[in-house]
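Participant:
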Amino acid sequence: MNDNANPPCRKGRLWWFGLPLLLASFGTQADTLLDVYRKAQERDATYRGAVNTLRAARERVPQARAGLLPAVSLVGATSQQSGQASFSEAPYVDRNVRNRSWNLQLTQPLWRAASWAALDQAEQQELLAEAQFRQAEQELILRTAQAYLDVLVAQEAQRVARLQVGAVIQQLELARRNFEVGTGIVTDVHEAQARLDLSQSQAVAAGSELKNKRAELTRILGEPQANLARLRADSLLPTIQPDDEQPWLDSAREQSISVRVAQAMLDVADREIAKSRAAHSPTLDLTAGYGTNYTSGSITSPADISVRSRSSQVGLNLNIPLFAGGGAQARVREALALKDKAADDLEAARRQAAALASQAFTGVVSGAVQVQALASAIASSKSSVDSNKIGFRVGSRINIDVLNAEQQLYTAERDWHKARADTLMQGLRLKAANATLAEADLSAINNMLETGAQP
594 MNDNANPPCR KGRLWWFGLP LLLASFGTQA DTLLDVYRKA QERDATYRGA
644 VNTLRAARER VPQARAGLLP AVSLVGATSQ QSGQASFSEA PYVDRNVRNR
694 SWNLQLTQPL WRAASWAALD QAEQQELLAE AQFRQAEQEL ILRTAQAYLD
744 VLVAQEAQRV ARLQVGAVIQ QLELARRNFE VGTGIVTDVH EAQARLDLSQ
794 SQAVAAGSEL KNKRAELTRI LGEPQANLAR LRADSLLPTI QPDDEQPWLD
844 SAREQSISVR VAQAMLDVAD REIAKSRAAH SPTLDLTAGY GTNYTSGSIT
894 SPADISVRSR SSQVGLNLNI PLFAGGGAQA RVREALALKD KAADDLEAAR
944 RQAAALASQA FTGVVSGAVQ VQALASAIAS SKSSVDSNKI GFRVGSRINI
994 DVLNAEQQLY TAERDWHKAR ADTLMQGLRL KAANATLAEA DLSAINNMLE
1044 TGAQP
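Residue numbering for the sequence shown follows our numbering, beginning at 594 and increasing consecutively.
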């Protein structure tokens, strides 16, 4: 008998495929999606950077307002002057003079068009920063949910791959026994062995994919998450309202966070024009000062007569720019061009938001249909596997029929898990395209999770 007709049993090196299933009865409390999201709010470096960026942007308004408020300064000085002087053709004599002074100066802007324009622009920049932070919040929700669901999908893919390996091992052992007793053919053994090798390869690939998805979640949280709550098999996908696409598209064109950011950028660019024009406007300031001076004498006077004085002054300073080499006009033209660009960016953002909303809406609708179809395929595939196994035992089916039926079942199960996760993500993206995505949407998914101890 050919050695290839009866390959050695590989149970010894395949036992580990069933080990996770044996340990399923031992579990720990799993982290839910909301648990992971709240950790991400505290630990995600990108989101924390957005928080600090917003904090910095909120300081621009006080800085701009300072240009319209009084400025007070106190200046003190002391000095000593040494030298030699000759009086009435007499020999040079050493002279030392001491000086001390201090001055309190107040400046109150009365008219500064550029400062008012800068304040107006700073307020718009703060609104821009708020919109950008809101965008960062929504991106954190999407990134966290995507990473979480990717891990769940990869876990299910690995579980399905291991189940497939176990099923193929059973079919291989059955084919061997049939061949040994003369009721089977060696082709069945070879086919089962080839399918086992393929299933092993798929299981290894599934394990690598799970490791990669966990690494992405670790990048967000800064530490690995050992256990995540799974989606319940009987949980229903959230529905979307309204169920017509056009309202979502119209809302996305006007309400999307990316559109709000682009609109805020346009407003900032418009304020930049006013600020550039105001830079060539006259300024009027009220000034007031008070100070004292002391000098012990003069190096050019033979008599050391000390002098103390006190003085105050109030006045107006008017500054009228006349010509600055054409720089002011050039800055205005630059600001006008940048405003035109910001307007183009706004239109592009509206089109992009509508396109994303359309894609997400289609993904939700088609995803729900796909999930339902795959659920039916799983039920049909299970019946097909049972029928083919019975047919194989009675001789009406060959081994490859059983293996193909099992492959179809496990493929349908893997695709069903992925389709559910994809549909949930498309629902979140649809909400994000309309600026309505919030923690409550994660709570809806959280209610679909198994909250007890997980293996």
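All C-beta atoms, glycine included, are put in the ideal place defined by N, C-alpha and C.
Where alanine 917 and tyrosine 883 are concerned, what is the direct C-alpha to C-alpha distance, given to the nearest angstrom?
Facilitator: Residue 917 sits at position 324 when you count from the first residue of the sequence shown. Residue 883 sits at position 290 when you count from the first residue of the sequence shown. Between alanine 917 and tyrosine 883, the C-alpha separation is close to 34 Å.
Participant: How is tyrosine 685 classed by DSSP in three states: helix, strand or coil?
Facilitator: Taking the first residue of the sequence shown as 1, we reach residue 685 at position 92. If DSSP states are grouped into helix, strand and coil, tyrosine 685 belongs with coil.
Participant: Anyone know if the C-beta pair for alanine 1026 and alanine 953 falls short of 9 Å?
Facilitator: Here the question's residue 1026 lines up with position 433 in the sequence shown. Here the question's residue 953 lines up with position 360 in the sequence shown. Yes.
Participant: Counting C-beta neighbours from all protein chains within 10 Å, is the total for leucine 877 16 or more, i.e. buried, or is it exposed?
Facilitator: Counting from 1 along the sequence shown, the entry for residue 877 is found at position 284. Looking at its Cβ environment, which holds fewer than 16 other Cβ atoms inside 10 Å, leucine 877 is exposed.
Participant: Please state whether DSSP places alanine 968 in a helix, a strand or coil.
Facilitator: Taking the sequence shown and counting its residues from 1, the one referred to as residue 968 is at position 375. The answer is helix: DSSP assigns alanine 968 an H, G or I state.
Participant: Alpha carbons only, please: which of Ala845, Arg1007, Pro831 and Ala740 is nearest the one belonging to asparagine 805?
Facilitator: Taking the sequence shown and counting its residues from 1, the one referred to as residue 805 is at position 212. That would be Ala740, whose Cα lies nearest to the Cα of asparagine 805.
Participant: For methionine 594, which residues from the same chain have a beta carbon less than 6 Å from its beta carbon, with the 5 sequence-adjacent residues on both sides left out?
Facilitator: As a position in the sequence shown, residue 594 is number 1, starting the count at 1. A caution first: methionine 594 carries a pLDDT of 38, below 50, which makes its placement in the model unreliable, though a value can still be read off. Correct list: empty, nothing qualifies.
Participant: Helix, strand or coil, according to DSSP, for leucine 662 in the structure here?
Facilitator: Looking up residue 662 in the sequence shown gives position 69. It is coil, neither helix nor strand.
Participant: To test your reading of the DSSP string, which unbroken beta strand (DSSP E) runs of 3 or more residues are found completely within the stretch 894-967?
Facilitator: List check, beta strand (DSSP E) in window: 900-912.
Participant: Please report the residue range of the alpha helix (DSSP H) in which leucine 791 lies.
Facilitator: Locating residue 791 in the sequence shown gives position 198, counting from the first residue. Where leucine 791 is concerned, the enclosing alpha helix (DSSP H) stretches over 779-814.
Participant: Report buried or exposed for glycine 960, applying the criterion of at least 16 other Cβ atoms within 10 angstroms of its Cβ.
Facilitator: The count along the sequence shown starts at 1 and reaches residue 960 at position 367. Looking at its Cβ environment, which holds 16 or more other Cβ atoms inside 10 Å, glycine 960 is buried.
Participant: Looking only at its own chain, which residues have a Cβ that is under 8 Å from the Cβ of leucine 667, when we skip the five neighbours before and after it?
Facilitator: Numbered from its first residue, the sequence shown carries residue 667 at position 74. Closer than 8 Å at Cβ, skipping near neighbours: Trp695, Asn696, Leu697 and Gln698.
Participant: Can you find at least 3 beta carbon pairs, one from the stretch 663-678 and one from the stretch 710-720, that sit closer than 8 Å?
Facilitator: The stretch 663-678, when compared against the stretch 710-720, does not touch it at the 8 Å Cβ threshold.
Participant: Measuring only the C-alpha atoms, how far is threonine 776 from arginine 769?
Facilitator: For the purposes of this step, residue 776 is identified with residue 183 of the sequence shown, where counting begins at 1. For the purposes of this step, residue 769 is identified with residue 176 of the sequence shown, where counting begins at 1. Those two C-alpha atoms are separated by around 10 Å.
Participant: Counting Cβ pairs closer than 8 Å, one from the stretch 748-766 and one from the stretch 1016-1035, do we hit at least three?
Facilitator: No, the stretch 748-766 is not in contact with the stretch 1016-1035.
Participant: Classify alanine 1031: buried if its beta carbon has 16 or more other beta carbons within 10 angstroms, exposed otherwise.
Facilitator: If you number the sequence shown from 1, residue 1031 lands on position 438. Its Cβ having fewer than 16 others within 10 Å, alanine 1031 is exposed.
Participant: According to the Cβ coordinates, are methionine 1018 and serine 828 closer than 9 Å?
Facilitator: Position 425 of the sequence shown, counted from the start, is the residue given in the question as residue 1018. Position 235 of the sequence shown, counted from the start, is the residue given in the question as residue 828. No, they are not a contact pair.
Participant: Just how far apart, CA to CA, sit glycine 642 and alanine 729?
Facilitator: What you label residue 642 is simply residue 49 of the sequence shown in a count that begins at 1. What you label residue 729 is simply residue 136 of the sequence shown in a count that begins at 1. Going from the Cα of glycine 642 to the Cα of alanine 729 covers about 9 Å.
Participant: Take alanine 822 as the anchor and find which of Tyr640, Val852, Arg1007 and Val744 has the nearest alpha-carbon.
Facilitator: Along the sequence shown, one-based indexing puts residue 822 at 229. Per the Cα distances, Val744.
Participant: Please classify alanine 785: is it buried, with 16 or more other beta-carbons within 10 angstroms of its beta-carbon, or exposed?
Facilitator: Position 192 of the sequence shown holds residue 785. Under this definition alanine 785 is a buried residue.
Participant: Helix, strand or coil for glutamine 701, going by three-state DSSP, please let me know.
Facilitator: Looking up residue 701 in the sequence shown gives position 108. Glutamine 701 falls in the strand class under three-state DSSP.
Participant: Should the stretch 680-690 be called in touch with the stretch 848-864, which here means at least 3 C-beta pairs below 8 Å?
Facilitator: These segments do not touch.
Participant: Give a yes or no on whether the C-beta atoms belonging to alanine 1014 and leucine 742 are separated by under 9 Å.
Facilitator: For the purposes of this step, residue 1014 is identified with residue 421 of the sequence shown, where counting begins at 1. For the purposes of this step, residue 742 is identified with residue 149 of the sequence shown, where counting begins at 1. The answer is yes: Cβ separation under 9 Å.
Participant: What runs of the alpha helix (DSSP H), each 4 residues or longer, lie entirely inside the stretch 969-1043?
Facilitator: List check, alpha helix (DSSP H) in window: 992-1026 and 1032-1039.
Participant: Is there contact between the stretch 830-850 and the stretch 940-947, where contact requires at least three CB pairs shorter than 8 Å?
Facilitator: In short, these stretches touch, since the Cβ pair count reaches three.
Participant: Let me confirm a value: leucine 909 is counted as buried when at least 16 other C-beta atoms fall within 10 Å, else exposed. Which label applies?
Facilitator: Counted from its first residue, the sequence shown places residue 909 at position 316. Burial call: exposed.
Participant: Whole angstroms is fine: what's the gap from alanine 617's alpha carbon to lysine 934's?
Facilitator: Translated into positions along the sequence shown, residue 617 becomes position 24. Translated into positions along the sequence shown, residue 934 becomes position 341. Note that alanine 617 has pLDDT 43, beneath the 50 cutoff, so the model's placement of it is unreliable and the number below is only indicative. Approximately 59 Å between the Cα atoms of the pair.
Participant: Check each candidate in Thr737, Glu652, Asn981 and Ala657 and name the one with the smallest Cα separation from glutamine 1000.
Facilitator: The residue you call residue 1000 lines up with position 407 of the sequence shown. The shortest C-alpha separation from glutamine 1000 is found at Asn981.
Participant: Mapping DSSP to helix, strand and coil, what is glutamine 834?
Facilitator: Mapped onto the sequence shown, residue 834 falls at position 241. Coil at glutamine 834, not helix or strand.
Participant: Can you tell which of Pro875, Lys632, Ala896 and Val797 has its C-alpha closest to the C-alpha of glutamate 816?
Facilitator: As a first step, residue 816 must be located in the sequence shown, where it is residue number 223. Closest option to glutamate 816, Cα to Cα, is Lys632.
Participant: Do you know how far the Cα of tyrosine 630 is from the Cα of glutamate 732?
Facilitator: One-based indexing of the sequence shown puts residue 732 at position 139. One-based indexing of the sequence shown puts residue 630 at position 37. If I take the Cα positions, the gap works out to 12 Å.
Participant: Among the residues of its own chain, which have a CB less than 6 Å from the CB of leucine 791, if the five just before and after it don't count?
Facilitator: On the sequence shown, position 198 is the one that residue 791 refers to. The answer is none, since no qualifying residue turns up.
Participant: Could you spell out where the alpha helix (DSSP H) holding threonine 880 opens and where it closes?
Facilitator: Position 287 of the sequence shown, counted from the start, is the residue given in the question as residue 880. It is not in any alpha helix (DSSP H) - threonine 880 instead sits in the beta strand (DSSP E) that spans 876-888.
Participant: At the level of alpha carbons, what is the spacing between valine 753 and asparagine 645?
Facilitator: Here residue 753 refers to the residue found at position 160 when the sequence shown is read from its first residue. Here residue 645 refers to the residue found at position 52 when the sequence shown is read from its first residue. Spanning the two alpha carbons is a distance of roughly 44 Å.
Participant: Just the C-alpha distance for glutamate 727 and glutamate 940, rounded to the nearest angstrom, thanks.
Facilitator: Taking the sequence shown and counting its residues from 1, one reaches residue 727 at position 134. Taking the sequence shown and counting its residues from 1, one reaches residue 940 at position 347. The question names glutamate, but residue 727 is arginine in the sequence shown. Straight-line Cα distance between these residues: approximately 20 Å.
Participant: By alpha-carbon positions, which one of Thr780, Gly800, Trp704 and Asp637 ends up nearest to leucine 996?
Facilitator: If you number the sequence shown from 1, residue 996 lands on position 403. Closest by alpha carbon: Thr780.
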